[in-house]
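Residue numbers (full-length UniProt numbering): 1 to 145.
The C-beta atom is built at its ideal place from N, Cα and C for all residues, glycine as well.
What follows is a single structure, written as structure tokens, with notes after it.
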Amino acid sequence: MTTQLEIQQIDKVFAREANFEQKAIDRALKEVKRAEKAHAKAVKEVEKAQRDAQKSAKKVQKTIKSLDKERGKYDKVVKQEQRLESKLKDKQDKEVRSAQEIEQMHTALDELLSTNYLNAKDRDNRLLEARTDHPGDLNGAIPTH
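What follows is the structure, given as structure tokens:
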């Protein structure tokens, strides 16, 4: 059998083992709690990141919609500008043609006036010649033969 001293030594060994095991359990519990706390924090961070990502996605969609709207306005303004530039070119071309027509009309009028002046001078010369050939005719009429 075992003696009282051996029992006391066994009891001390068992007490130390139990104490050592309890400390290990306490450390393990502490580590588990720390890990659970870190996990809870990570879960919260993931949830926050998801909310932020959703907000960002909504902003992107809103920005895309706004950009499309502005692109539509831009395209409309560009088309309007092109129409106005085309209209301006047409008006400028019409102005140039009109100026050319007026210049041609002035040239034709100058030629007509010059011809009229020469014809009037020729008529006056023939009339003067006819009067000098027939000085007795006071009316200045040309006699028929």
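So, for Met1: in the same chain, excluding its five sequence neighbours on each side, which residues have a beta-carbon less than 7 Å away from its beta-carbon?
As a position in the sequence shown, residue 1 is number 1, starting the count at 1. Nothing meets the Cβ criterion.
Inside the stretch 19 to 81 only - beta strand (DSSP E) runs reaching at least 3 residues
The qualifying runs do not exist here; there are none.
Lys76 to Ser56, Cα distance in whole Å?
By 1-based counting over the sequence shown, the position of residue 76 is 76. By 1-based counting over the sequence shown, the position of residue 56 is 56. Whole-angstrom Cα-Cα distance: 30 Å.
Ser114 versus Ala108 - alpha carbon distance
Counted from its first residue, the sequence shown places residue 114 at position 114. Counted from its first residue, the sequence shown places residue 108 at position 108. Answer to the nearest angstrom: the Cα atoms are 10 Å apart.
What's the C-alpha gap between Gln22 and Glu31?
Taking the first residue of the sequence shown as position 1, residue 22 is located at position 22. Taking the first residue of the sequence shown as position 1, residue 31 is located at position 31. When rounded, the distance between both Cα atoms is 14 Å.
DSSP-derived helix/strand/coil call for Thr132:
As a working mapping, residue 132 is identified with position 132 in the sequence shown. Thr132 falls in the helix class under three-state DSSP.
Quick one: grab the DSSP three-state call for Met105.
Taking the first residue of the sequence shown as position 1, residue 105 is located at position 105. Collapsing the DSSP output to three states places Met105 in a helix.
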